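Position 106 (the sequence shown) corresponds to 106 in full-length UniProt numbering; numbering is contiguous. First comes the structure, then the notes that go with it.
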Amino acid sequence: MSAPLHIPPEQRYAAADAKYASTLSTLSEKQKMLAGLPYDPSDADLRKAIYRVRKLFRTFNSSEGRDEQDGNPAMTTERRQLFAQILGVQEEQMASNVYVEPPFWCDYGTNIKLQGNFYCNFNTTILDCAEVIIGDGVLFGPNGGNVTIMAGVTIGRGCTIGAGSTVTKSIPDWSIALGSPAKVLRTLSEQERGDVNQKANWGWAEKAAASAGDDAAKKEKEI
Numbered sequence: 001m002s003a004p005l006h007i008p009p010e011q012r013y014a015a016a017d018a019k020y021a022s023t024l025s026t027l028s029e030k031q032k033m034l035a036g037l038p039y040d041p042s043d044a045d046l047r048k049a050i051y052r053v054r055k056l057f058r059t060f061n062s063s064e065g066r067d068e069q070d071g072n073p074a075m076t077t078e079r080r081q082l083f084a085q086i087l088g089v090q091e092e093q094m095a096s097n098v099y100v101e102p103p104f105w106c107d108y109g110t111n112i113k114l115q116g117n118f119y120c121n122f123n124t125t126i127l128d129c130a131e132v133i134i135g136d137g138v139l140f141g142p143n144g145g146n147v148t149i150m151a152g153v154t155i156g157r158g159c160t161i162g163a164g165s166t167v168t169k170s171i172p173d174w175s176i177a178l179g180s181p182a183k184v185l186r187t188l189s190e191q192e193r194g195d196v197n198q199k200a201n202w203g204w205a206e207k208a209a210a211s212a213g214d215d216a217a218k219k220e221k222e223i
């Protein structure tokens with residue numbers, strides 16, 4: 001997915017105000033929230049949605065990390081089912097290589113949209129008060145790499161974001177960016193892009209999940 005030109009916040013807000021000015025009184029608090037308009041987070045329907053997902057991720061985060069039946073250390077059968085419920089989708093709607101290491105935290109869950117294979121390491125937080133789209137082949141490091149991605153930002157295809165970065169503007173495809181605010185250091189060469197695409201076809205998600213599971217098992221033995 002190509003990253004669009006960054007739109008300054010004041011322009012985004014002005015566009016939203018102009019678009020919804022005549023219909024604002026007819027919108028639900030959820031509709032206002034998803035449109036980027038001021039909304040009341042204490043709305044009964046929004047509170048119900050929050051309680052729903054918190055119950056689910058409490059169960060998900062305390063679930064067992066090993067499943068002897070399917071031999072998958074990172075995403076057991078139970079975890080996969082629970083994560084589908086967190087997202088508000090059917091299990092078969094998720095790609096086969098979706099691995100999420102607990103603990104995982106979010107606001108609603110249903111506004112997180114996975115477009116394919118995904119690996120999420122320990123302790124990731126996604127505040128999905130707006131739609132959060134995660135493309136195919138995305139990897140999150142532990143704690144999200146301590147990266148903060150601000151609202152309205154698109155990170156393009158094949159990008160690497162350095163640990164501890166704050167991403168305030170959209171990042172073009174095939175970029176390496178880091179810093180606070182994050183700045184593009186360089187763009188990957190054609191050969192490097194080919195290497196990234198090739199690795200994406202090597203079952204990276206399964207290998208990342210297996211590696212994380214092996215590390216967790218070693219720690220359990222040490223304890």
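All C-beta atoms in this analysis are idealised placements derived from N, C-alpha and C, irrespective of residue type, glycine included. All figures in this text were calculated on a predicted structure; none of them were measured in a lab.
- Taking 8 angstroms as the cut-off, the Cβ atoms of residue 88 and residue 109 count as close.
- Linking residue 169 to residue 148 through their CA atoms gives a straight-line distance of about 11 angstroms.
- Here residue 150 is exposed. Its C-beta has fewer than 16 other C-beta atoms within 10 Å.
- In the structure shown, residue 144 falls within a helical segment according to DSSP collapsed to helix, strand and coil.
- Rounded to the nearest whole angstrom, the CA to CA distance from residue 75 to residue 132 is 21 angstroms.
- Between the alpha carbons of residue 101 and residue 16 lies a distance of about 36 angstroms.
- Counting only residues of its own chain and dropping the five nearest sequence neighbours on each side, residue 187 has a CB closer than 6 angstroms to the CB of 174 and 175.
- Sixteen is the threshold: since fewer than 16 other Cβ atoms of the shown chains lie within 10 Å of the Cβ of residue 146, the residue is exposed.
- Check the Cα spacing between residue 60 and each of 122, 160, 44 and 26: the tightest is with 122.
- DSSP, reduced to helix, strand and coil, places residue 53 within a helical segment of the structure shown.
- In the three-state scheme derived from DSSP, where H, G and I count as helix and E and B as strand, residue 80 is classed as helix.
- For residue 86, DSSP records no beta bridge to any residue.
- The segment 44-56 makes no contact with the segment 154-171: fewer than 3 CB pairs, one atom from each, lie closer than 8 angstroms.
- Residue burial is scored here from C-beta neighbours: residue 195 has fewer than 16 other C-beta atoms within 10 angstroms and is therefore classed as exposed.
- Around the beta carbon of residue 84, 16 or more other beta carbons sit within 10 angstroms, so the residue counts as buried.
- If you draw a straight line from the Cα of residue 193 to the Cα of residue 25, it is about 48 angstroms long.
- By the criterion of a C-beta distance shorter than 8 angstroms, residue 91 is surrounded in its chain by 80, 81 and 84, once the five residues flanking it on both sides are discounted.
- Short of 8 angstroms from the beta carbon of residue 178, and not among the five residues preceding or following it, lie these beta carbons of its own chain, in chain order: 161, 162, 163, 164, 165 and 185.
- Under a 10 Å Cβ-count criterion, residue 56 is classified as buried, with 16 or more other Cβ atoms of the shown protein chains found around its own Cβ.
- In this structure residue 106 does not touch residue 33 by the C-beta definition: roughly 14 angstroms separates them, more than the 8 angstroms allowed.
- Scanning 23, 190, 153 and 53 for the CA closest to the CA of residue 172 turns up 153.
- According to the DSSP assignment, residue 35 belongs to the alpha helix (DSSP H) that extends over 29-35.
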